[in-house]
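Undergrad: Last residue of the sequence shown? That's 514 in my numbering, and every number before it is there in order.
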Amino acid sequence: MVSAAHSVANWRMGRKHPELLTNPDALWSSTAFVTRRMGLYAAFLMGTFAVAQNIGNAVFKAGSIADGLTSDLLIESGLGLLSIFVFVFTALRSIDWLILSNVDNDTQVANNNNYAVGLTEGAILLGTGFVAYGSLLGEGHITSAWVFFLIGQVVFVVISYLMEYVIHPEHNAKSDIEKGCVASGVIVSTMLLVVAMFVKNGVAGDFYGYAQDIPYFLKMFGLQFGLFLIYMFLMEPILLKVMRIRSTALNGAMIRAVMQLTIAGSIVYNVSL
């Protein structure tokens, strides 16, 4: 799957910028490009792991490989693997059109080594992997996986705009990333990964019907994100003031990233309905 993802990603880049593929050594020397590809490969691995886990669970329940590998399971698994490609490259398109829409992202990461763009794209792709894992994991029709993936993508786009105008109105996060501000890239990337963790936790599991699963997702995501915002707006400013660190500086952004991801992981692990 990773090899296939690599080939498709190169094909996608080559359609628009064939010149970027003429010198692989220079391309792979860009840390921004490598970071984006790390997110891409991780997303494919996470989605593939969900499909493999479904197969393993089915075989375990059936008691044997012959009984577990039904034609329906194999079809669903094949569709799941194909869906990973759609999920990941839909995420890349949403980055280009909706999230970082004012620059040519391929040129920024390949030629200009804009690490802020590469980091943000890598984080969104990694977050897409979380959402793909949650969407594909469990028993249910493949259509439900697509529905919950699209819900996750909508949440990503909404949060990216909230970061710009509500959560961090003191600086223009998106435009700063496009200009190469790594601190803004860290801030936005961390928030999107946190959101992805909450989305994944809300959509993972067996499918019982939209009437039951969508309200459950909204309640679960709302509860977890609400707890995280309490930390972010009430507790984090106190910690940064004690440390005498400016929140939008690179050192402050890095420390915030570690604390926020740790808090989010704790919320995911401990909070359930």
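From the three backbone atoms N, C-alpha and C, an ideal C-beta is built for every residue, glycine too.
Locate the alpha helix (DSSP H) running through M287, then write down its first and last residues.
TA: Numbered from its first residue, the sequence shown carries residue 287 at position 46. T272 to A303 is the span of the alpha helix (DSSP H), which, as asked, contains M287.
Undergrad: On the CB-based measure, 16 or more other CB atoms within 10 Å of its CB, does Q453 come out buried or exposed?
TA: For this step, residue 453 is matched to residue 212 along the sequence shown. By the 10 Å Cβ count, Q453 comes out exposed.
Undergrad: Using a Cβ-Cβ cutoff of less than 8 Å, which residues in the same chain neighbour G506 once the five nearest sequence positions on both sides are dropped?
TA: Taking the sequence shown and counting its residues from 1, one reaches residue 506 at position 265. So the list reads M438, once near-sequence residues are dropped.
Undergrad: Relative to the C-alpha of A498, which residue among E477, N511 and T311 is closest?
TA: Indexing the sequence shown from 1 puts residue 498 at position 257. Minimum Cα distance to A498 is reached at E477.
Undergrad: Leaving aside the five residues before and after L468 along the sequence, list all residues of the same chain whose C-beta is less than 7 Å from its C-beta, in chain order.
TA: Position 227 of the sequence shown, counted from the first residue, corresponds to residue 468. Closer than 7 Å at the Cβ level, and outside the excluded window around L468, lie I508 and V512.
Undergrad: May I have a chain-ordered list of the alpha helix (DSSP H) segments no shorter than 4 residues that lie completely inside the segment 349-398?
TA: The segment 349-398 contains these whole alpha helix (DSSP H) runs: 356-377.
Undergrad: Which residue wins for smallest C-alpha separation from A291, given the options I383, G359 and L491?
TA: Reading the sequence shown from its first residue, position 50 is the one you call residue 291. It is I383.
Undergrad: For D337, which residues of its own chain have a beta-carbon under 8 Å away from its beta-carbon, when the five flanking residues on both sides are left out?
TA: Position 96 of the sequence shown, counted from the start, is the residue given in the question as residue 337. Here the set comprises N346.
Undergrad: Mapping DSSP to helix, strand and coil, what is L450?
TA: The residue labelled residue 450 in the question sits at position 209 within the sequence shown. With the sequence shown as reference, residue 450 is identified as Gly, and Leu is not the correct amino acid for it. Note: G450 maps to coil in three-state DSSP.
Undergrad: Using a Cβ-Cβ cut-off of 8 Å (strictly less than) and excluding sequence neighbours within five positions of T272, which residues of its own chain qualify?
TA: Here residue 272 refers to the residue found at position 31 of the sequence shown. Closer than 8 Å at the Cβ level, and outside the excluded window around T272, lie N354, Y356 and G359.
Undergrad: Output yes or no for whether 8 Å exceeds the beta carbon distance between L367 and G463.
TA: Reading the sequence shown from its first residue, position 126 is the one you call residue 367. Reading the sequence shown from its first residue, position 222 is the one you call residue 463. No, they are not a contact pair.
Undergrad: Should the segment 419-426 be regarded as contacting the segment 471-486, the criterion being three or more beta carbon pairs within less than 8 Å?
TA: Flag = no, the segment 419-426 and the segment 471-486 do not touch.
Undergrad: Under 8 Å between the Cβ atoms of G443 and Y374?
TA: If you number the sequence shown from 1, residue 443 lands on position 202. If you number the sequence shown from 1, residue 374 lands on position 133. Cβ atoms of G443 and Y374: not closer than 8 Å.
Undergrad: Over what stretch of residues does the alpha helix (DSSP H) that includes V444 continue unbroken?
TA: Locating residue 444 in the sequence shown gives position 203, where the first residue counts as 1. First-last of the alpha helix (DSSP H) with V444: V423 to V444.
Undergrad: So what's A307 in DSSP terms, helix, strand or just coil?
TA: Position 66 of the sequence shown, counting from 1, holds the residue named residue 307. The answer is helix: DSSP assigns A307 an H, G or I state.
Undergrad: Which one of M495, W252, T361 and I504 has the shortest CA to CA distance from S416?
TA: Along the sequence shown, read from residue 1 onward, the residue named residue 416 stands at position 175. Closest by alpha carbon: T361.
Undergrad: Beta-carbon separation of S305 and L377 under 8 Å?
TA: By 1-based counting over the sequence shown, the position of residue 305 is 64. By 1-based counting over the sequence shown, the position of residue 377 is 136. In this structure, L377 does not lie closer than 8 Å to S305 by Cβ.
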